[in-house]
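Protein chains in written order, with my numbering: chain R, -11 to 215; chain C, -11 to 215; chain Y, -11 to 215; chain Z, -11 to 215.
Read through the structure below, which is laid out as C-alpha cells, and then see the notes.
Number of protein chains: 4
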Amino acid sequence: MIAEQKVLDKGFVRLLEVMGDDLSIVQAARVSYGQGAKGDDKDKKLIRYLYTHKHTSPFEMVEFKFHVRCPIFVARQWIRHRTWNYNEYSMRYSDAISDYYVPATWRKQDVKNKQGSTDPLSAEVNEELREKYRRQCDEAFKLYDELIRDGIAREMARFVVPVGTYTEFYGKIDLGNLLKFLMLRDDPHAQWEIQVYARAIKELVQPHVPWTMEIYDELRQNSAQSA
Amino acid sequence: MIAEQKVLDKGFVRLLEVMGDDLSIVQAARVSYGQGAKGDDKDKKLIRYLYTHKHTSPFEMVEFKFHVRCPIFVARQWIRHRTWNYNEYSMRYSDAISDYYVPATWRKQDVKNKQGSTDPLSAEVNEELREKYRRQCDEAFKLYDELIRDGIAREMARFVVPVGTYTEFYGKIDLGNLLKFLMLRDDPHAQWEIQVYARAIKELVQPHVPWTMEIYDELRQNSAQSA
Amino acid sequence: MIAEQKVLDKGFVRLLEVMGDDLSIVQAARVSYGQGAKGDDKDKKLIRYLYTHKHTSPFEMVEFKFHVRCPIFVARQWIRHRTWNYNEYSMRYSDAISDYYVPATWRKQDVKNKQGSTDPLSAEVNEELREKYRRQCDEAFKLYDELIRDGIAREMARFVVPVGTYTEFYGKIDLGNLLKFLMLRDDPHAQWEIQVYARAIKELVQPHVPWTMEIYDELRQNSAQSA
Amino acid sequence: MIAEQKVLDKGFVRLLEVMGDDLSIVQAARVSYGQGAKGDDKDKKLIRYLYTHKHTSPFEMVEFKFHVRCPIFVARQWIRHRTWNYNEYSMRYSDAISDYYVPATWRKQDVKNKQGSTDPLSAEVNEELREKYRRQCDEAFKLYDELIRDGIAREMARFVVPVGTYTEFYGKIDLGNLLKFLMLRDDPHAQWEIQVYARAIKELVQPHVPWTMEIYDELRQNSAQSA
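Spelled out as C-alpha cells, the structure:
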C-alpha cells in the first residue's frame, strides 16, 4: 500500500518506494569503522554523531521515491535542487493538466522583508480576488483548448498556461540530500506552498527512519532558535 | 566587451566570462599523460581522441558563464540539466518581468511523432491566434498588476503569469557538460525554442574553443545521420 | 539472500539492495507521456527508444546498492565516477586490511598504445616476479604492524601500504548512471582489473533489469565494432 | 604569475586560474533580486546574509582552478568530494612519481578518539621509524623500476607503490562548494596532512574573495567553539 499525503487544494505526495532504514545508515558507517553491529542505543548515538559532524555519506545509503503533484511554481523551486532524480509530466507529449492551484487565502506582501507576509485581507476582498483569479485561469485553459483543437503543437499551446497550474513528477533522492532539502524548504523563509510539501515528505519518511528524523527535528528547532 | 546573441523575439544569451581555451584541455589531459606541450596538430588530434573516447574530464577544465533571457518553459527544460550552476531572477523578491514570448509562427502538432511539427497554418489563422494569445497574456499581466496593487505578496501574484513569460538567469557550466547539453538541445528532437538558444551558445563559445567545436560539429552531424 | 560474485583473487561484489526493475523505467517515462501501462512488447520498445535517444532520466528511477571489495588502485578509478554514493572502509578508524591483490599473470607494457598489453611473460619469470612482489608487500605490512605496535596513528602507519592492497566500500547508484559506468569500465580500454568488476556488476543486475541489459549489451557491441 | 603554496615536504598547491570575485557573488544574487549594484557596505552585508542563510547558489558563480601535488592518501580523501572537476596524473600512461611523503614527526594513536593524536614520540624513536619507512619505500620503488625494466605494464607495476607516494592533479571548483570542502578539511577532525592543503587553498583564494573569506573565517571559528 502506498502512503499518501494530500497537499494544497489538489496536490499530493506519494511515497512509492523505499530502500533501507535507520540501520542502513549504521551499517554503512560501520564499513568505515570496520566494526559489527551494536545495541540500539549505540546505533542511535552513532546516527546523531554522524549527523552533527556532517558525515553525510552514510545517510546517502537510504533512498526514497515519491510521486508529487504540485503547482508549476513549486516544481520550479523544487527542481533547483540538483541532487534529486526527476521525471516530470511533459506538456510536449501530453495535454496540460487543467487543474490549477487556488489559494484559500491571499497573503499580503511583507514590506520589511521582501518575501511573503501574513497580514490578512478582508474575507470579502480575498474571495473577490480568488474569483478573478479563477476566471483568468479558466480563460487561459479555454484558449489552450482552442489552440489544441486548431491543431497547434502542444509544446506551443502551453505558452498560455499559468504557473499556478498543477504538474506531476516522480522524484527520487537519498536521505542525506533529502535532509538538506528539508532544512531549506521546511523552513519559514521558504514559500508557504513548498513548506507544506516539505512537511508532507517528513510525515511520509518518518516511519522509515524514525531515529534520523528525531535528530533532524531537534536540530531543525535549534537552528530556528539561533536564526 | 560582452558577446551577445539575440534569441527569439525578446530573449538573449550573453557570454559574461570564460576560463580557459582549447589548450587548457590539452594541458589538463597532459597531467594524466605526464608530458609537456607539443605542436598544434598533435594537440588537436589529442582533443579529438579524448572526445571520441569519452575522456570527458579534461573538457571540464574550461568554464563559461552566461546571462540568459528566455521564456519560462525554455528555462524549465534548461534547468533540468543539473550540471549547470544557476541563479535565476526571482518573482518572490521582484516583480514579474512583463515581457512574454510571442511566436512568429504557430507550428502544428505532428500526428505520428508526438512532438511539434511543421505543417503551416494559413497566415490569417496564424495572425488571429497570435492576437488571441497576446490578449490572453495581457489580461494575465493586468490581473498580476492588480494583485500587486492590492498588496498581495509577489510570490502569490505570480500564479497567473503564463509560462510563455520571460525570465532571466545566470548559468555557469564547464565545457564537458556543455557539450552534453548541446548534444541534447542543439538537436531536431528538442523544442525549436530551446534549439535556438543552444545554437546561440555555440556561436558564443566557438571563438574560445574552435578545435573542440569543430570536432563537436562533425560528431553532431554523424550522430544526426545515424539517427 | 544476497547475490555475490567473486572477483580477482580475494575480491567480491555483493548486490545488497535493489529498488525497482524494468517496469519502473516504463512507469517513470509514462509520467512524462501521461499514459497508462501497455503490453510487454510496447514496454520493451519504449525502453529501447528511451535508451537510444538518450532519455536517461527514467533509468535513474532504479537504484542498486553494492558491497565491493577491490584493490585500492581499482577503488581509485571507481571513485572518480561522481554519480555513485560511497562509504569506504577507513584506515584512519580501523587497521588496514592486510590482504593484497596478487595477479595471476603479469601483463607486458604495450609499446604502441600506452596502456596495458597482453604479450605473455614466460611462466618462470612470471612466477619469480610474483614472488618478489609478495615479499615486498609482506615487508610493507610487517612495517605497518610495527608502526601500529609502536603506537603510531593508523592514519600515518598506512603510508607504507601498497596500492595493490584490498579495500572495501558500499556503493549505491541509479541504473542510468550505472550504464554510463559500465560503458566506460566494461570496455577493453579500461584496466583489466576493473573490467572484471564491471562484468560482475552486470551479472548481478541482469536478473533485475533484463530488458535494459539486453539493449545495453547490443549497443555495447555496436559501439565496440565502430570504435 | 601563478600563486603557489608549498605544502608538506614535497607537495604544493598552485592557483592556475580564477573566474570572478566577491562582486560576482553580489551580481549573481542581484539577478534574483532584480536590482542594480549598491555601495560597498551593502554588498558585503549581502554576502554575509547569503552565506548565513545558506543561499549558496551565488557563490557557485566564482570558479578556481588549482594544480595540486599531494600524497595518494590525501588525494583519496580529496577526490571523495564529488563537486570538484579532476584530472589526475595517471600511472597507467606514465611512470609513477617516485617521490613519497616522509613525515617530519610521527603522531601517536589517540586512544579515546579513534583518529590521530599528538602525544610525541622521543626524537630518537621518531628518527628510527622515519629511516625504516624510507628504506621500505625505497625498496618498493626499486621493485617498481625492476618491473618496468622487465617490460611489465605500468598499470600493474604500480601495485607495489605505497599510498604515501605523491600524485598530481588539476582540480577545479566553484566557491560555494569550495567553502563546504574547507569547512570539512580545514577542521581539526580532518587528518593533519589534508588540513595543511586546505589552509594553503585558503591563502591562495583569500586575495580574490576577501569579503567571503572574512565571513567564512568568522563562521569557521563560531562552529569550532560550539563543537
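Heads up, the beta-carbon is just placed ideally off N, CA and C, and yes, glycines get one too.
Integer-rounded CB distance, given that residue j should sit under 8 Å from residue i
i	j	result
Met7 of chain R	Glu51 of chain Y	6 Å
Val149 of chain R	Val151 of chain C	5 Å
Leu11 of chain R	Asp(-3) of chain R	With 8 Å as the limit, Leu11 of chain R and Asp(-3) of chain R do not qualify as a contact, their Cβ atoms being about 38 Å apart.
Gln179 of chain Y	Gln65 of chain Y	7 Å
Thr153 of chain C	Ile60 of chain C	5 Å
His55 of chain Z	Arg2 of chain Z	4 Å
Glu5 of chain C	Lys53 of chain C	4 Å
Beta-carbon gap between residue i and residue j smaller than 8 Å
i	j	result
Thr44 of chain R	Gly159 of chain R	no
Asn162 of chain C	Phe47 of chain C	The sequence given here has Asp at residue 162 of chain C, not Asn. Yes, Cβ-Cβ distance for Asp162 of chain C and Phe47 of chain C is below 8 Å.
Val19 of chain C	Tyr77 of chain Z	yes
Lys96 of chain C	Gly(-1) of chain R	no
Asp216 of chain Z	His196 of chain Z	Since the first residue shown for chain Z is -11 and the last is 215, residue 216 of chain Z is missing from the structure and cannot be characterised.
Asp83 of chain R	Ile35 of chain R	no
Lys190 of chain C	Leu170 of chain C	yes
Asn210 of chain Z	Met49 of chain C	no
Arg80 of chain Z	Glu143 of chain Z	yes
Val62 of chain R	Ile203 of chain R	no
Asn114 of chain C	Ala17 of chain Z	no
Tyr132 of chain Z	Ala145 of chain Z	yes
Asp85 of chain R	Thr200 of chain R	Here residue 85 of chain R turns out to be Ile, not Asp, going by the sequence shown. Their beta carbons are not under 8 Å apart, which means Ile85 of chain R does not touch Thr200 of chain R by this criterion.
Ala128 of chain C	Ala(-9) of chain R	no
Lys42 of chain Y	Leu172 of chain C	yes
Original post:
Which residues, in chain order, does the segment 128 to 152 of chain Z contribute to contact with chain R at a C-beta distance below 8 Å?
Top reply: Listed by position, the residues of the segment 128 to 152 of chain Z near chain R (Cβ gap below 8 Å) amount to none.
**OP:** Flag this pair as touching only if the segment 77 to 92 of chain R and the segment 105 to 124 of chain R have three or more C-beta atom pairs under 8 Å; answer yes or no.
**Re:** Verdict: yes, contact present.
Subject >> Contained beta strand (DSSP E) runs [length at least 3] in the segment 89 to 133 of chain Z, N- to C-terminal order >> reply: Runs of the beta strand (DSSP E) inside the segment 89 to 133 of chain Z: 95 to 97, 104 to 108.
**OP:** Scan the segment 34 to 51 of chain R for residues whose Cβ lies nearer than 7 Å to a Cβ of chain Y and list them as they occur along the chain.
**Re:** For the segment 34 to 51 of chain R, the beta-carbon criterion of a distance under 7 Å to any beta-carbon of chain Y is satisfied by Ser45, Pro46, Glu48, Met49, Glu51.
**OP:** Could you list the residues in the segment 150 to 182 of chain Z with a C-beta less than 8 Å from some C-beta on chain R, going in chain order?
**Re:** From the segment 150 to 182 of chain Z, only Met171, Leu172, His177 have a Cβ closer than 8 Å to chain R.
Original post:
If you measure beta-carbon to beta-carbon, which residues of the segment 53 to 75 of chain R are closer than 9 Å to chain Y?
Top reply: Correct list: Lys53, His55, Asn73, Tyr74, Asn75.
Subject >> Contact residues within the segment -4 to 8 of chain R, judged by C-beta distance below 7 Å to chain Y >> reply: Within the segment -4 to 8 of chain R, the residues whose Cβ lies closer than 7 Å to some Cβ of chain Y are Glu5, Met7, Gly8, listed in chain order.
Subject >> Within the segment -5 to 59 of chain Y, ranges of the beta strand (DSSP E) (whole runs, at least 3 residues) >> reply: Segments of the beta strand (DSSP E) lying fully in the segment -5 to 59 of chain Y: -1 to 7, 51 to 59.
Original post:
Taking only runs of the alpha helix (DSSP H) that begin and end inside the segment 141 to 206 of chain C, which ones reach a length of at least 4 residues, in chain order?
Top reply: If we require 4 residues or more, the alpha helix (DSSP H) runs fully inside the segment 141 to 206 of chain C come out as 142 to 145, 163 to 173, 180 to 193.
**OP:** Mind checking the segment 77 to 89 of chain Z against chain C and listing, in chain order, the residues whose C-beta falls within less than 7 Å of any C-beta there?
**Re:** Of all residues in the segment 77 to 89 of chain Z, Tyr77, Ser78, Tyr81, Ser82 have a Cβ within less than 7 Å of some Cβ in chain C.
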